[in-house]
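Some notes on the structure that comes next.
There are 2 protein chains.
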Amino acid sequence: MFENKNTTPLSEIGEFGLIDHLTKNFPVIHPSTLKGVGDDAAVLNLNEGQSVVTTDLLIEGVHFDLSYVPLKHLGYKSVMVNLSDVYAMNAHPTQITVSLAVSNRFPLEALEELYSGIALACKNYKVDLVGGDTSSSSTGLIISITAVGQAEEKKITYRSGAKANDLLVVSGDLGGAYMGLQVLEREKEVFKVSPNNQPDLALYSYCVERQLKPEARKDIIELLEEVEIVPNAMIDISDGLSSEVFHLSKASGVGCDIYEEKLPADPQTSSTAEEFKINSSTALLNGGEDYELLMAIKTEDYDKIKGHPLLTPIGHFTDQKEVCNLITGLRQSIPLQAQGWKNFNKDESA
Amino acid sequence: MFENKNTTPLSEIGEFGLIDHLTKNFPVIHPSTLKGVGDDAAVLNLNEGQSVVTTDLLIEGVHFDLSYVPLKHLGYKSVMVNLSDVYAMNAHPTQITVSLAVSNRFPLEALEELYSGIALACKNYKVDLVGGDTSSSSTGLIISITAVGQAEEKKITYRSGAKANDLLVVSGDLGGAYMGLQVLEREKEVFKVSPNNQPDLALYSYCVERQLKPEARKDIIELLEEVEIVPNAMIDISDGLSSEVFHLSKASGVGCDIYEEKLPADPQTSSTAEEFKINSSTALLNGGEDYELLMAIKTEDYDKIKGHPLLTPIGHFTDQKEVCNLITGLRQSIPLQAQGWKNFNKDESA
């Protein structure tokens with residue numbers, strides 16, 4: 001993607017120069033960041049409340065495809081994936097570290113693009129970049145991000161606190177990122193056949209943006225604070241709703257009934273699913289990467305969120321241990337299938 | 351390396367089953383670990399003192415070669431690399447996260463081996479495994495580890511605190527890991543020509559162990575506590591002594607004189623260097639991966655460490671900003687060359 005420009009090969013820069021160059025414009029915002037990039041480790045003052053730590057590894061060809069993912073978006077999304085895990089604990093992210101491994105096919109300018117997305121994410125979500133390194137890779141691009149966050153002890157939400165009769169509530173809408181992926185994969189195939197054909201993605205802008213530039217739900221954590229709700233349990237939806245429902249149910253030792261007709265979808269998600277002849281409910285239940293939050297809310301808290309456009313009750317927990325059902329529009333109860341993104345399936349990992 | 355055994359393909363297990371399986375025998379030791387593996391993030395109580403966070407990414411074919419590195423050793427060493435960074439801050443490691451990406455060529459048993467090394471490291475160094483995940487990789491093995499540690503505020507040592515006249519002190523001995531690597535690379539070439547020739551590594555056991563199973567210098571941090579020394583500055587030696595001396599000097603705005611004859615070497619390192627026709631000082635100055643600690647000690651603290659077998663003064667800092675000299679056995683002063691491991695050199699990254 002940088003083939004035709006004047007570019008700077010990484011071999012001209014060297015390891016230490018590179019990380020200095022890429023991180024020089026990152027300001028330190030948080031008072032808890034005592035020392036960021038530039039020593040053997042970052043030094044943090046995490047004396048208030050409790051701390052959460054989460055880490056994710058993103059591999060080219062497995063988690064992203066650079067033939068249609070712009071590097072700036074990739075940098076942004078890589079941070080979102082981690083911040084989403086912090087929000088899922090009902091905590092506020094404060095610091096991240098970013099380690100990269102890159103092959104020589106990437107010039108300096110490509111990494112600058114990637115870091116501009118990381119910088120934008122740090123700015124928008126008020127987190128400090130405090131460490132990481134760069135090294136070479138024999139093949140593609142590998143991004144490893146660790147996020148640190150903080151929360152008051154009484155606010156931290158685990159997966160394991162859901163109780164029978166709690167409402168199952170989801171933020172935003174579902175399936176968009178999955179349909180965006182279908183659109184991008186189709187355009188990639190079209191491009192292979194006719195490289196001069198400019199794709200018109202305007203019809204799919206919402207879904208494509210959900211896939212390429214998701215936002216972690218900082219606003220939902222702030223909303224919960226505002227209405228004084230601490231969920232009994234929470235998880236973020238990275239592998240698809242069904243899969244996450246099973247995680248919550250298993251960790252909490254409860255079951256769950258979900259109402260198909262309640263699943264929130266953007267109209268574009270539904271129309272795109274129709275165009276692709278994909279059952280809309282399948283996209284909503286099993287499409288991954290929406291990075292919405294899924295939570296167990298006490299019934300007495302229902303009035304605080306009733307009718308809120310960002311929070312949709314889609315079912316409730318039951319005392320049927322680990323039994324998860326989908327109640328269809330015709331009031332049939334069928335066992336929910338978790339078709340979350342499974343690694344190591346032979347057809348998925350090249 | 352597992353070709354001839356009854357093995358379990360990863361595709362039979364799936365992502366969630368795999369991480370559960372690999373981490374099930376990891377006990378939680380630290381009271382600061384409130385929640386380890388199994389939620390969106392680990393939850394830690396880091397209310398005492400300050401926290402340090404460091405992360406490293408290890409890539410097959412770049413940082414390790416599985417043709418001679420046993421997986422158990424690799425797991426152990428991957429943890430050491432990170433703990434060494436924590437000790438270099440004069441802090442105590444408390445938790446780690448481990449993320450893996452693996453191609454299908456690895457059976458379950460290979461990952462169990464890797465994790466047995468990680469488990470041994472956690473046990474020996476009393477750290478808790480609190481998170482991470484596994485995913486597929488299109489080619490080799492990728493290991494990403496993040497370590498968290500804690501220290502009293504007044505004990506944390508940065509790279510930037512060295513002052514003119516401070517002694518430059520190094521722990522243990524140098525160059526062994528580098529010579530071990532030379533031995534292993536030679537045996538690999540021999541094996542290619544005569545696969546039935548069993549290598550006799552007994553003559554090189556010290557160097558090979560320094561390369562394959564390094565230990566992070568927990569004992570040195572404990573020793574410094576015991577003799578009540580807080581170094582003015584500290585760094586761990588991962589890229590070679592010269593390179594780290596430059597880092598300390600640059601960060602502290604001072605210079606440094608190092609005495610060639612003071613550099614500590616194990617006799618086996620010297621004899622192996624001689625056999626390989628490598629200048630012994632070159633191995634000591636530029637060989638990486640020793641994971642020793644290099645520190646700036648106030649002259650008034652000298653008596654506390656004088657003659658200690660684990661700590662060797664090898665020079666002193668000067669007010670010549672960023673001017674680092676090697677004083678040879680013939681009392682010549684020559685500019686030190688930092689030949690640390692540079693990534694992105696075309697001949698190093700395939």
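Protein chains in written order, with the working numbering: chain G, 1 to 350; chain Y, 351 to 700. We put the beta carbon where it would ideally sit given N, CA and C, even for glycine.
Check the Cβ-Cβ distances between residue 395/Y and every residue of chain G, and say whether any is below 7 Å.
Within the second sequence, the letter at position 45 stands for residue 395/Y. Yes - at least one Cβ of chain G is within 7 Å of the one on residue 395/Y.
N-terminal and C-terminal residue of the beta strand (DSSP E) that residue 267/G is part of
Counted from its first residue, the first sequence places residue 267/G at position 267. Careful: residue 267/G lies outside any beta strand (DSSP E), inside the alpha helix (DSSP H) at 267 to 275.
For residue 481/Y, the three-state DSSP class (helix, strand or coil):
For the purposes of this step, residue 481/Y is taken as residue 131 along the second sequence, with counting starting at 1. Residue 481/Y falls in the strand class under three-state DSSP.
Apply the 10 Å Cβ neighbour rule to residue 456/Y and answer buried if 16 or more other Cβ atoms are within range, or exposed otherwise.
Taking the second sequence and counting its residues from 1, the one referred to as residue 456/Y is at position 106. By the 10 Å Cβ count, residue 456/Y comes out buried.
Would you call the region 638 to 647 of chain Y and the region 514 to 525 of chain Y in contact, with 3 or more CB pairs under 8 Å?
Yes, they touch.
For residue 337/G, which residues in chain Y fall below 7 Å Cβ to Cβ?
By one-based count along the first sequence, residue 337/G stands at place 337. The contacting residues do not exist; residue 337/G stays about 14 Å from chain Y at best.
Would residue 94/G pass as an interface residue toward chain Y - the criterion being a Cβ-Cβ separation below 7 Å?
Counting from 1 along the first sequence, the entry for residue 94/G is found at position 94. So no, residue 94/G is outside the interface.
For residue 496/Y, collect the residues of the same chain with a Cβ closer than 6 Å to its Cβ; drop the 5 residues on either side in sequence, then sort them by chain order.
Walking along the second sequence from the start, residue 496/Y turns up at place 146. Cβ neighbours of residue 496/Y beyond the five flanking positions: 405, 447.
Helix, strand or coil for residue 179/G? Go by DSSP, reduced to three states.
Counted from its first residue, the first sequence places residue 179/G at position 179. DSSP places residue 179/G in helix when its eight states are reduced to three.
Check for me: the alpha helix (DSSP H) holding residue 295/G runs from which residue to which?
Within the first sequence, the letter at position 295 stands for residue 295/G. Unbroken run through residue 295/G is the beta strand (DSSP E), 293 to 297; no alpha helix (DSSP H).
Contact list for residue 430/Y against chain G, beta-carbon separation under 9 Å
On the second sequence, position 80 is the one that residue 430/Y refers to. At a C-beta separation below 9 Å, residue 430/Y has no neighbours in chain G, since its nearest C-beta there lies roughly 14 Å away.
Measuring only the C-alpha atoms, how far is residue 541/Y from residue 608/Y?
Taking the second sequence and counting its residues from 1, one reaches residue 541/Y at position 191. Taking the second sequence and counting its residues from 1, one reaches residue 608/Y at position 258. Residue 541/Y and residue 608/Y have their alpha carbons spaced roughly 40 Å apart.
When the Cα atoms are used, what is the spatial distance from residue 83/G to residue 164/G?
For this step, residue 83/G is matched to residue 83 along the first sequence. For this step, residue 164/G is matched to residue 164 along the first sequence. One C-alpha to the other measures close to 29 Å.
Against chain G, does residue 332/Y count as a neighbour if the rule is that its beta carbon must be under 7 Å from one of theirs?
Because chain Y in this structure spans residues 351 to 700, residue 332/Y falls outside the shown range and cannot be described.
Sort 39/G, 185/G, 125/G by Cα distance to residue 597/Y and report the nearest one.
Walking along the second sequence from the start, residue 597/Y turns up at place 247. Taking only the C-alpha atoms, the option nearest residue 597/Y is 39/G.
Does the beta carbon of residue 489/Y come closer than 7 Å to any beta carbon on chain G?
Within the second sequence, the letter at position 139 stands for residue 489/Y. By this cut-off, residue 489/Y is an interface position.
With a cut-off of 7 Å, does the C-beta of residue 383/Y fall near any C-beta of chain G?
For the purposes of this step, residue 383/Y is taken as residue 33 along the second sequence, with counting starting at 1. At a cut-off of 7 Å between beta carbons, residue 383/Y makes no contact with chain G.
With 7 Å set as the bound, which would you pick, yes or no: does the beta-carbon of residue 367/Y sit closer than that to a beta-carbon of chain G?
Residue 367/Y sits at position 17 when you count from the first residue of the second sequence. No, no contact with chain G.
Is any beta-carbon of chain G found at less than 7 Å from that of residue 389/Y?
Position 39 of the second sequence, counted from the start, is the residue given in the question as residue 389/Y. In terms of beta-carbon proximity, residue 389/Y lines the interface with chain G, with at least one pair separated by less than 7 Å.
For residue 202/G, count the other beta carbons within 10 Å of its own beta carbon; 16 or more makes it buried, fewer makes it exposed. Which is it?
Taking the first residue of the first sequence as position 1, residue 202/G is located at position 202. It is exposed - the Cβ of residue 202/G has fewer than 16 other Cβ atoms within 10 Å.
Short of 6 Å in beta carbon distance, which residues of its chain neighbour residue 344/G, apart from the five on each side in sequence? Order them along the chain.
Residue 344/G sits at position 344 when you count from the first residue of the first sequence. Confidence is the limiting factor: at residue 344/G the pLDDT is only 39, short of 50, which leaves the residue's position unreliable and the question unanswerable from this model.
How would you label residue 412/Y, buried or exposed, when you count the other beta carbons within 10 angstroms and need 16 or more for buried?
Against the second sequence, residue 412/Y aligns to sequence position 62. Residue 412/Y comes out buried.
Roughly how many angstroms separate the alpha carbons of residue 500/Y and residue 329/G, rounded to a whole number?
Residue numbering aside, residue 500/Y sits at position 150 when the second sequence is read from its first letter. Residue numbering aside, residue 329/G sits at position 329 when the first sequence is read from its first letter. Each residue's Cα considered, the two are about 54 Å apart.
The ligand NAD heavy atom lying under 6 Å from the CB of residue 137/G
Only the bare structure without any ligand can be found here, which leaves the ligand NAD out of the picture.
Compute the Euclidean distance between the alpha carbons of residue 332/G and residue 442/Y, then round it to the nearest angstrom.
Locating residue 332/G in the first sequence gives position 332, counting from the first residue. Locating residue 442/Y in the second sequence gives position 92, counting from the first residue. Taken atom to atom, the span from the alpha-carbon of residue 332/G to that of residue 442/Y is near 57 Å.
Can you check whether the C-beta of residue 370/Y is within less than 7 Å of a C-beta belonging to chain G?
Sequence index remark: in the second sequence, residue 370/Y carries index 20 (1-based). For residue 370/Y, the answer is no, since every Cβ of chain G falls outside 7 Å of its Cβ.
Quick one: is residue 132/G near chain C, going by C-beta distance under 7 Å?
Here chain C cannot be found, since the structure's protein chains are G and Y.
Contacts of residue 435/Y in chain G (Cβ-Cβ under 7 Å)
Within the second sequence, numbered from 1, the residue matching residue 435/Y stands at position 85. Near residue 435/Y (Cβ distances below 7 Å), the residues of chain G are 40, 41.
Starting from residue 385/G, follow the beta strand (DSSP E) in both directions and report where the run begins and ends.
Because residue 385/G is not part of the residues shown, which for chain G are 1 to 350, the question remains open.
If you drop the 5 nearest sequence neighbours on each side, which residues of the same chain put their C-beta closer than 8 Å to that of residue 630/Y?
The residue you call residue 630/Y lines up with position 280 of the second sequence. So the qualifying residues of the chain are 525, 615, 619, 620, 623, 624.
Quick check on DSSP: helix, strand or coil for residue 124/G?
Sequence index remark: in the first sequence, residue 124/G carries index 124 (1-based). Helix.
With 7 Å set as the bound, which would you pick, yes or no: does the beta-carbon of residue 8/G sit closer than that to a beta-carbon of chain Y?
Along the first sequence, one-based indexing puts residue 8/G at 8. Among the residues facing chain Y, residue 8/G is not included, as its CB has no counterpart in that chain under 7 Å away.
Ignore the nearest five residues each way along the sequence and tell me which others in residue 559/Y's own chain have a CB closer than 8 Å to its CB.
By 1-based counting over the second sequence, the position of residue 559/Y is 209. Counting only Cβ-Cβ distances below 8 Å, and skipping sequence neighbours, we find 530.
So, with DSSP's three-state summary, where would you put residue 23/G?
As a position in the first sequence, residue 23/G is number 23, starting the count at 1. Here residue 23/G sits in helix by DSSP.
Between residue 547/Y and residue 74/G, what straight-line distance do the alpha-carbon atoms span, to the nearest angstrom?
Start at 1 with the first residue of the second sequence, and residue 547/Y comes out as number 197. Start at 1 with the first residue of the first sequence, and residue 74/G comes out as number 74. When rounded, the distance between both Cα atoms is 49 Å.
Counting along the chain, where does the beta strand (DSSP E) carrying residue 158/G start and finish?
To locate residue 158/G, count along the first sequence from 1; it is residue 158. For residue 158/G, there is no enclosing beta strand (DSSP E), since its DSSP letter is neither H nor E.
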